[in-house]
């Protein structure tokens, strides 16, 4: 039995409101990094990408697991870097492969005193 749009029991696929508008996100979330990664390595990975602003490493609290955030000046630059680097083998020795996606929110830049 096919459902019609006017059927009161028909549920159409609505976008998840938490992810409905990601066009203002200019920060990338990077996982799949080796435990011994350095902030300098992440910076060197992204520094030649147009629109790159900054990056930071975060320890997840699960062993030595590390994730990174890379911030760009605009959304399009972030998306271009995501498409260029997602799935790239980061460390040939460990076989670490980058998993990159748009972050849930933009990183706030730390200002030096």
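Numbering (the UniProt record's numbering), first residue to last: 1 to 113. Backbone N, C-alpha and C define an ideal beta-carbon position, used for all residues, glycine too. The structure presented is a predicted model; accordingly, all values stated were derived computationally and were not measured.
Using the C-alpha atoms, what's the distance from residue j back to residue i?
i: residue 13; j: residue 69; result: The pLDDT assigned to residue 13 is 46, lower than 50, so where the model puts this residue is not dependable; a value taken from the coordinates is nonetheless given after this. Using only the alpha carbons, I get a separation of about 31 Å.
i: residue 59; j: residue 29; result: 13 Å
i: residue 48; j: residue 90; result: 16 Å
i: residue 92; j: residue 55; result: 22 Å
i: residue 61; j: residue 39; result: 17 Å
i: residue 45; j: residue 26; result: 17 Å
i: residue 81; j: residue 87; result: 12 Å
Judging by CA-CA distance, which residue of the options is the nearest neighbour of residue i?
i: residue 57; options: 34, 87, 49 and 51; result: 34
i: residue 52; options: 92, 105 and 75; result: 75
i: residue 36; options: 63, 46 and 26; result: 63
i: residue 65; options: 96, 43 and 27; result: 96
Return yes when the Cβ of residue j is within less than 7 Å of the Cβ of residue i, no when it is not.
i: residue 116; j: residue 31; result: With the chain running from 1 to 113 in the structure shown, residue 116 is simply not present.
i: residue 98; j: residue 85; result: yes
i: residue 71; j: residue 107; result: yes
i: residue 50; j: residue 23; result: no
Go ahead and pull the three-state DSSP assignment for residue i.
i: residue 3; result: Residue placement at residue 3 is flagged as unreliable, the pLDDT there being 48, under the threshold of 50; a coordinate-derived value is accordingly withheld.
i: residue 60; result: coil
i: residue 25; result: coil
i: residue 39; result: helix
i: residue 70; result: strand
i: residue 77; result: helix
i: residue 98; result: coil
i: residue 113; result: Bear in mind that a pLDDT of 42 at residue 113, under 50, signals an unreliable position, so the model cannot answer this.
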